[in-house]
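Contents: one structure, followed by commentary.
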Amino acid sequence: MLYTLNTTSTLVDVTQEDVIHLKYHMYPGGCNTGGCYAPNIPHVSWWIEKAIIISNSSDSDTDSDSSSKRKKHKKSKKSKKTKSGIKAKSSDKVKTQLLWPQSALQYEYVNEQVSFNNLDMKLFTAGELEIITRADISEIERKGRLNLLKKITYYSQIYSWKGLLAFYAAWLRKIELGQNKWSDDPSVIELPILTPYVLSKSKFSNSSFKVESKDETIWFCTLYNRNRCTYHGSHQTSIRGVQRTVQHICAVCWKKDRNKLYHPECSSSCPQFPQKKE
Numbered sequence: 001m002l003y004t005l006n007t008t009s010t011l012v013d014v015t016q017e018d019v020i021h022l023k024y025h026m027y028p029g030g031c032n033t034g035g036c037y038a039p040n041i042p043h044v045s046w047w048i049e050k051a052i053i054i055s056n057s058s059d060s061d062t063d064s065d066s067s068s069k070r071k072k073h074k075k076s077k078k079s080k081k082t083k084s085g086i087k088a089k090s091s092d093k094v095k096t097q098l099l100w101p102q103s104a105l106q107y108e109y110v111n112e113q114v115s116f117n118n119l120d121m122k123l124f125t126a127g128e129l130e131i132i133t134r135a136d137i138s139e140i141e142r143k144g145r146l147n148l149l150k151k152i153t154y155y156s157q158i159y160s161w162k163g164l165l166a167f168y169a170a171w172l173r174k175i176e177l178g179q180n181k182w183s184d185d186p187s188v189i190e191l192p193i194l195t196p197y198v199l200s201k202s203k204f205s206n207s208s209f210k211v212e213s214k215d216e217t218i219w220f221c222t223l224y225n226r227n228r229c230t231y232h233g234s235h236q237t238s239i240r241g242v243q244r245t246v247q248h249i250c251a252v253c254w255k256k257d258r259n260k261l262y263h264p265e266c267s268s269s270c271p272q273f274p275q276k277k278e
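Using full-length UniProt numbering, the first residue of the sequence shown is number 1, and each one after it goes up by one.
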C-alpha cells in the first residue's frame with residue numbers, strides 16, 4: 001500500500017514500512033542520527049500521522065463492510081430456512097418439508113382455516129388421500145403414506161382419535177427432521193405415544209358383533225346372517241381374541257326392534273327385507 005505525503009515543496013510516495021520508519025526515526029524538522037533516507041521534509045511527522053490515521057480508518061471501513069456482509073448473509077440464510085408443514089407460521093427448521101392433510105383439502109375447505117388438530121377422521125382421510133394421489137410425490141412416500149393411513153384406520157377401534165393424530169404428527173415430524181424415512185416402520189414410536197390413548201373395552205367393541213342392553217349382552221353370528229355358518233344353533237367363536245357365545249338370530253331385527261328372530265338378515269322372510277314392488 002502506498003501513502004502520498006503532501007508537503008509544501010514536493011509529493012513523496014512511501015510504503016507502509018516507510019511510514020513506520022519515518023514515524024519512529026524522524027525528529028521534528030529532520031532525520032535522526034540513526035540515518036534516514038527521506039529528505040528533510042518540514043512537518044513530515046504530521047503528514048505521517050495523517051497517513052496512519054487514514055490507513056486505520058480505511059482498515060476500519062473494510063472491517064465494517066465485511067461485518068455488514070456477514071450479517072446480511074446470515075439474515076438471508078435465516079429467511080430461507082425450510083419450515084414445517086404442520087403450521088403455516090412454524091419456525092422450526094426441517095430437512096424436508098412434507099405436505100400435511102389439512103393443507104391438502106379441496107372443495108369448500110380450500111379457503112377454510114382448518115388446523116391439523118381439528119381434523120376428524122373423515123377430513124383427515126380426505127386430506128391424506130389428496131396427497132397420496134398427487135403425481136409429484138415419490139412412490140416410496142406414496143407407499144409409506146398408504147401404510148400409515150391403513151394402520152391409523154385399523155387403530156381407530158383401539159385408540160382415541162386424539163392419540164392417533166399425535167401418532168401421525170410424531171411420525172411425520174421425524175421424517176421432516178431427517179430422523180426417519182418413509183420406508184421405515186412407524187411401529188417404533190407406537191408404544192410411548194399410543195399407550196395413554198387406549199379406549200376402554202366398552203368403547204372399542206365392534207357393534208356388528210355385539211349389542212348391549214341394560215339386562216344382557218347379546219352376540220349374534222355374522223356368518224349365520226350371511227348364510228355361511230357351518231354350525232347349527234348357538235356356538236362359541238373368537239371375537240377380538242375372546243371366546244364368545246353367538247346366537248343365530250337376525251342382526252337387523254335385533255338391532256332395530258330388539259326382536260330375537262331366528263332367520264338370517266338376508267332372508268326374504270325378514271320383516272326388514274326389501275320387498276319387491278309389483
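Ideal Cβ positions, reconstructed from N, Cα and C, are used throughout, including at glycine.
- With distances taken between CA atoms, Arg142 lies nearest to Ile131 out of Ile131, Ile152, Lys151.
- The three-state secondary structure of Arg226, taken from DSSP, is coil.
- Its chain contains Ile249, Trp254 as the residues whose beta carbon lies nearer than 7 Å to that of Lys260, once the 5 sequence neighbours on both sides are disregarded; these appear in chain order.
- Comparing C-alpha distances from Ile137 to each of Phe167, Glu108, Thr96 shows the shortest one belongs to Thr96.
- Here Leu194 has Tyr159, Gly163, Phe167 as same chain residues with Cβ atoms under 6 Å from its own Cβ, once five neighbours each way along the sequence are excluded.
- Secondary structure note for Gln102: it is in no beta strand (DSSP E), and the uninterrupted alpha helix (DSSP H) holding it is 101 to 104.
- Of the residues assessed, Gln157 falls on the exposed side of the cut-off, its CB having fewer than 16 other CB atoms within 10 angstroms.
- Beta-carbon to beta-carbon, Ile175 and Leu98 are separated by about 6 Å, close enough to satisfy the 8 Å threshold.
- In this structure, DSSP gives Trp219 an extended state, which the three-state scheme calls strand.
- Apart from sequence neighbours up to five positions away, the residues of its chain that approach Trp182 with a beta-carbon distance below 6 Å are Ile140, Glu141, Gly144, ordered along the chain.
- Short of 8 Å from the beta carbon of Asp120, and not among the five residues preceding or following it, lie these beta carbons of its own chain, in chain order: Trp161.
- In the structure shown, Ile249 falls within a coil segment according to DSSP collapsed to helix, strand and coil.
- Leu199 and Asp185 have their C-alpha atoms some 23 Å from each other.
- Counting C-beta atoms within 10 angstroms of its own C-beta, Cys221 has 16 or more neighbours from the protein chains shown and is therefore classed as buried.
- Bounds of any beta strand (DSSP E) do not take in Ile158, whose DSSP letter is neither H nor E.
- Within its own chain, the residues whose Cβ lies closer than 8 Å to the Cβ of Trp171, once the five positions on either side in sequence are excluded, are Leu148, Asn180, Pro186, Ile189, listed in chain order.
- In the DSSP assignment, Ile239 falls within the unbroken beta strand (DSSP E) covering 235 to 239.
- For Gln243, the pairing in a beta bridge is given by DSSP as Ser238.
- For the options Trp100, Gln272, Lys93, the alpha carbon positioned closest to that of Gly178 is the one of Lys93.
- Pairing Phe124 with Ala169 gives a Cβ-Cβ distance that is not under 8 Å.
- Gly127 is the residue among His263, Gly127, Thr245 whose C-alpha sits nearest the C-alpha of Tyr107.
- Across the structure, Thr133 and Thr237 are spaced so that their CA atoms are roughly 40 Å apart.
- When secondary structure is reduced to three states using DSSP, Val110 falls in the coil class, being assigned neither helix nor strand.
- Secondary structure note for Thr125: its alpha helix (DSSP H) is the uninterrupted segment 121 to 132.
- Taking the C-beta atoms as reference points, Gln243 is found no nearer than 8 Å to Lys256.
- Rounded to the nearest whole angstrom, the C-alpha separation of Ser103 and Ala251 is 41 Å.
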